[in-house]
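The structure under discussion appears below in the form of C-alpha cells.
There are 2 protein chains.
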Amino acid sequence: MDSRRAQLLELGLRLFGTRAYDEVSIDDIAQAANISKGLLYHYFGGKRAFYVAVVSDAARRLVAAIDPDPHLPPPARALAGLDAYLAFVEQRADAYAALVTGGLGADPKIAAVLERARQQIADHILADLGLRFPRPAYRLALRAWIGGVEAACVDWLRRRDLPRDRLLALMLGSLQGALASAHAIDPVDLSVPVPRLVDPGPQGSAPDDPVPDDSVPDER
Amino acid sequence: MDSRRAQLLELGLRLFGTRAYDEVSIDDIAQAANISKGLLYHYFGGKRAFYVAVVSDAARRLVAAIDPDPHLPPPARALAGLDAYLAFVEQRADAYAALVTGGLGADPKIAAVLERARQQIADHILADLGLRFPRPAYRLALRAWIGGVEAACVDWLRRRDLPRDRLLALMLGSLQGALASAHAIDPVDLSVPVPRLVDPGPQGSAPDDPVPDDSVPDER
DNA sequence: ACCGGAGTTGACCTCAGTTCAACTCGGTGC
DNA sequence: GCACCGAGTTGAACTGAGGTCAACTCCGGT
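Note that the protein sequences, when read in sequence, are chains A and B.
Heads up, the first sequence is in the working numbering, so the first residue is 57 and it goes up one at a time.
Heads up, the second sequence is in the working numbering, so the first residue is 57 and it goes up one at a time.
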C-alpha cells in the first residue's frame, strides 16, 4: 500500500523535525510507527534513504505550497508566493526546520534535493516578477536572498520578535535591494525593469503605519 | 602537548571539509593522523566532541581573520572585513564548507557555535558601520544578510562565475538594501544614517543611474 | 633508582544499521 | 475448492563503527 509510505514519511518528518538525524534510531522510527525494523527497509532502502525521502517530500510540499494563484498579476504573485512560504514556515515549523537545518553534514543527495527546491523557488520568483536572468550576478543575488530568507525564518521561528507581515516586508525589501545590487554590478538592459516591490509611502516618525498590507496586498 | 591537538584539529578540518560527518570514521581519522583510536578520545571526548572542536576552531579562525585594521575609518573597515571574509572563503574553501554546510542541524552544540560566530560577525559589521541596532527588524535583516552571504559563498565556490570583487560589491549592495529595508519597516531615528556602502563610480555603457537610490525606498 | 602523570596503545564491548530467510494473507487462474 | 503468487511483514542474526579501559611507554622531578 502507498498510504503506509505516506504515513512513514509524515512520521519521519515529525521525528527528524524534533531530533537530529543520528539521534533518531531505526528502532525509534519502527516503534513510533508500530512496525518492524525490516519494513522500513522494504519501503525505503535504509535509514539514509529514508531521510532523503522525508526531506524530498517536505521540499515537494513546500514548493507546492507556494504555487501561485494564476489569476494574480505577476508582481502580486511574487508577494503571494512569499506569503505562502511564510505561512508554511509558521504552520509546519518542524518540517521547515528539518528542511533547512537538515543538512546532515552535506550529504550530496540531500544537498542536491535542497538545491533543486531552491532553484524551483528561484525560478518561481523570477517568473512571478516577469523576469528571466540567467546572468551570474542575478542568479547569485537571488540565491543569496533565498539563503537569507531561510536564515531569517529559522531565527524568526526561534524568537518571534516581529509580526509576520513585517518579516514579509523586510524580505521583500531585501529582495529588491539584492536585485538592484545585481543590476548595479551587471547592468543588463532589462526589458522589464526591476519592479518596485515595496511601496514605502509617506514614512512618518510613527513606526506603526502599515507595512505593505496584510497577507496579500495586490496593489495595482 | 598542545601541538598534537592543533594537528588533529587541522586534520579534522581537512577530513570534514572533504567528506560528510558520518562518512568519516574514527578509524579514518586515527589512520590519517597516525595515531590510535584511543588517543582521539584522550584529547577530545569522542567523535561528536571532536567535530564540535573542529568547527569551533574553524569559526574562531574565521572570526579572527576578519578582524579589522583599526586604522581604517568605520565604513572602510566594513568593506575590509567583508573582503577578508571572502579571502578566507577562497583560501580555505574546505574549512568554510565544513563550517557552513557542516552540522547546521546535526547538533545544538554546533548550532550554538555557529550562531555565536555569526553574532560576532554581525556585531563586527555593526561596529564597523558605526551603528548599533538592537531592534528586531535590523537584527533580523542583518542575520538574513549573513545567511545570504553564506549561501552566496557556497554557490560561488562551486561555480566561480563572478570575479571576487563583483561578489563583494553584490554583497555590499545587498547589505545596504537589507538595512534600508529594515529602516523602512522600523524607521528609528538613526544618529548615523545608513551609510552608502556601494560607490558605483563610472559604470560602463549602462542605462542606469546607480542603484541604491531607487532600490532603497526611503532614503532619509 | 624510584615515582607520577601525561601520552599512547590495542583489545574488547556495545549497540545501531543492515540483511535475509521465512511467514502471513488476500487475490488469481484453473 | 485448491494451488499458487507476490506484496507486506517480521524477527533473528550479522556487521561494523563508536566508545571504554587496563596497561604500557616515556620523561621530568626527587
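The beta carbon of each residue, even a glycine, is placed where N, CA and C say it ideally should be.
Taken atom to atom, the span from the alpha-carbon of A89(A) to that of L67(A) is near 7 Å. Taking 7 Å as the CB threshold, L196(A) lines the interface with chain B. Contact between S112(A) and V169(A) holds, with the beta-carbon distance rounding to 5 Å and staying under 8 Å. Excluding residues up to 5 positions away in sequence, V145 lie with their Cβ nearer than 6 Å to the Cβ of C209(B) in the same chain. Here the alpha carbon of A149(B) sits roughly 43 Å from the alpha carbon of S92(A).
Counting only the Cα atoms, G94(B) lies some 53 Å from G137(A). I122(B): not part of any alpha helix (DSSP H); DSSP gives it neither H nor E. Take L223(B), set aside five residues on each side of it, and the residues of its chain with a beta-carbon closer than 6 Å to its own are W212, in chain order.
Neighbourhood of D163(A) in chain B, by CB distance below 8 Å: A76, in chain order. For the 7 Å CB-CB criterion, S237(B) and L196(A) do not form a contact.
If you draw a straight line from the Cα of L228(A) to the Cα of A62(A), it is about 35 Å long. Of Q87(A), D221(A), Y97(A) and I181(A), the smallest CA-CA separation from L71(A) is found for Q87(A).
Straight across, the Cα-Cα distance linking A154(B) with R116(B) is about 13 Å. Here the alpha carbons of K165(B) and A193(A) stand approximately 35 Å from one another. Around the beta carbon of A143(B), a 10 Å sphere encloses fewer than 16 other beta carbons of the protein chains shown; the residue is thus reported as exposed. Residues of chain A with a Cβ closer than 7 Å to the Cβ of E206(B) are, in chain order, G203. G101(B) carries a coil assignment under DSSP once its states are collapsed to helix, strand and coil. The contact set of R199(B) on chain A, defined by CB atoms closer than 7 Å, consists of A207, A208 and D211 in chain order. By the criterion of a C-beta distance shorter than 6 Å, F100(A) is surrounded in its chain by F106 and A109, once the five residues flanking it on both sides are discounted. Residue-level contact check: I241(A) touches chain B, since one or more beta carbons of chain B fall below 7 Å from its beta carbon. Rounded to whole angstroms, the gap between the alpha carbons of G73(B) and A178(A) is 27 Å.
Around the beta-carbon of R133(A), 16 or more other beta-carbon atoms lie within 10 Å, marking it buried. Using beta-carbon distances, L170(A) does not count as an interface residue toward chain B, since no partner is under 7 Å. Across the structure, A240(A) and P126(A) are spaced so that their CA atoms are roughly 31 Å apart.
For the segment 98-119 of chain B, the set of positions with a beta-carbon nearer than 7 Å to some beta-carbon of chain A is empty. By the neighbour-count criterion, in which 16 or more other beta carbons inside 10 Å mark a residue as buried, S59(A) falls on the exposed side. For L170(A), the enclosing alpha helix (DSSP H) stretches over residues P164 to L185. Taking the Cβ atoms as the reference, R174(B) lies roughly 5 Å from I202(B), within the contact range of under 8 Å.
Against A225(B), the close residues of chain A are I241, in the order they occur along the chain (beta-carbon pairs closer than 7 Å). Relative to A140(B), the option among H180(B), Y97(B) and K103(B) whose CA is nearest is H180(B). About 6 Å separates the Cβ atoms of A114(B) and L69(B), confirming a contact at the 8 Å cut-off. Spanning the alpha carbons of L231(B) and R215(A) requires a straight line of approximately 22 Å.
With a threshold of 7 Å between beta carbons, L182(B) makes no contact with chain A. Spanning the alpha carbons of S81(A) and F189(A) requires a straight line of approximately 44 Å. Within the same chain, Cβ atoms closer than 7 Å to the Cβ of Q176(B) are found at V119, the five residues on either side in sequence being excluded. Against G186(B), chain A offers no close residue; the least beta-carbon distance is about 20 Å (beta-carbon pairs closer than 8 Å).
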